[in-house]
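K.L.:
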């Protein structure tokens, strides 16, 4: 049987996608199913369960939903995601994208200043900002506020959640700026010129042309940024380790504490499964809210 050109092209595309699909199965699909199977057991690193685990059904999930520390970590995670990814990074990234599309001096230097934090690993960023937030007169931020007559603060104890939101916002502005700049650049200039000829004001052009045409890019940014921020661990662990008093204990740190500090792998896996489900629900929410076809 002789294959047509279109059929050969389809088979070629599928063959080229095979390595990516295989990697996705190995690193995403299989770990997700394994985590779910582990969440149905009492697997542990110490005790009798470490030698021989047993099936416990949904007991881990029942314990999970009755644990106030879990609900606290979920609340902290949502506040962290909304404050840094949805509000901070998006607003500053959008403002940077609009400004850098204009003919300004030293544009290359501003681009480099904004993009540089995104190239630094999470752990390095954490240790860098520890020196910024250090208490006493030798902390970098305290040295700055003293010039304005403000007493030195213990920033990671007085404003713990806001402190890590600022750090993650600073680190992620570059991604928002790059993505939104590409979206703004793809809007045809003829549409703006036609709108101005018809007498549209700058505000009308922004709300009725720029935002609607930028919506697919905004959706892509919101989805990717929210999911990646939801899964952050190293940055927050380096800065605060979830303290003080669990005020910055996001889900990633809660999972780590239950799995490798309390040695309860089965229970930690159940938290990971719930975290995955919440991420998927957030994705569905974005699709419905922005009315974008995916």
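In this note's numbering, the protein residues as written are 18 to 311. In this text, a Cβ means the ideal position worked out from N, Cα and C, and glycines have one as well.
1) Can you tell me which of the three DSSP states residue 21 falls into?
2) For residue 58, which residues does DSSP report across the bridge?
3) Going along the chain, which residues of its own chain have a beta-carbon closer than 8 Å to the beta-carbon of residue 128, five neighbours each way excluded?
4) Leaving aside the five residues before and after residue 311 along the sequence, list all residues of the same chain whose C-beta is less than 7 Å from its C-beta, in chain order.
5) Say whether the stretch 61-77 touches the stretch 279-287, bearing in mind that this needs 3 or more beta-carbon pairs closer than 8 Å, one atom from each stretch.
6) If contact is defined by three or more beta carbon pairs under 8 Å, each pair taking one atom from either stretch, is the stretch 137-149 in contact with the stretch 181-190?
7) Using the C-alpha atoms, what's the distance from residue 222 back to residue 47?
8) Apart from the five residues on each side of it in sequence, which residues of its chain come closer than 8 Å, Cβ to Cβ, to residue 169?
9) Report the option in 271, 296, 226 and 264 whose CA atom is closest to the CA atom of residue 241.
10) Starting from the Cα of residue 56, find the closest Cα among 306, 302, 293 and 288 and give me that residue.
11) Restricting to Cα atoms, I'd like to know which of 252, 246 and 112 is closest to residue 293.
12) Counting pairs of beta carbons, one from the stretch 267-282 and one from the stretch 204-219, are three or more of them closer than 8 Å?
13) Using the beta-carbon count (16 or more within 10 Å), is residue 23 buried or exposed?
14) Can you give the beta carbon distance from residue 231 to residue 196, rounded, assuming they're within the 8 Å contact cut?
P.N.:
Based on what the coordinates show:
1) Collapsing the DSSP output to three states places residue 21 in coil.
2) Bridge partners of residue 58: 72.
3) Result list for residue 128: 117, in chain order.
4) Note that residue 311 scores a pLDDT of 48, beneath 50, so its modelled location is shaky and nothing firm can be said.
5) Contact between the stretch 61-77 and the stretch 279-287 is present, because at least three Cβ pairs lie under 8 Å.
6) Touching, per the Cβ criterion.
7) Residue 47 and residue 222: Cα-Cα distance of roughly 47 Å.
8) Excluding residues within five positions, the ones whose Cβ falls inside 8 Å are 152, 153, 154, 156, 159, 162 and 163.
9) With distances taken between Cα atoms, residue 241 lies closest to 296.
10) Considering only alpha carbons, the answer is 288.
11) For residue 293, the nearest C-alpha among the options comes from 246.
12) Too few Cβ pairs lie closer than 8 Å, so no.
13) Burial call: exposed.
14) The beta carbons of residue 231 and residue 196 sit about 10 Å from each other, so the pair does not count as a contact at 8 Å.
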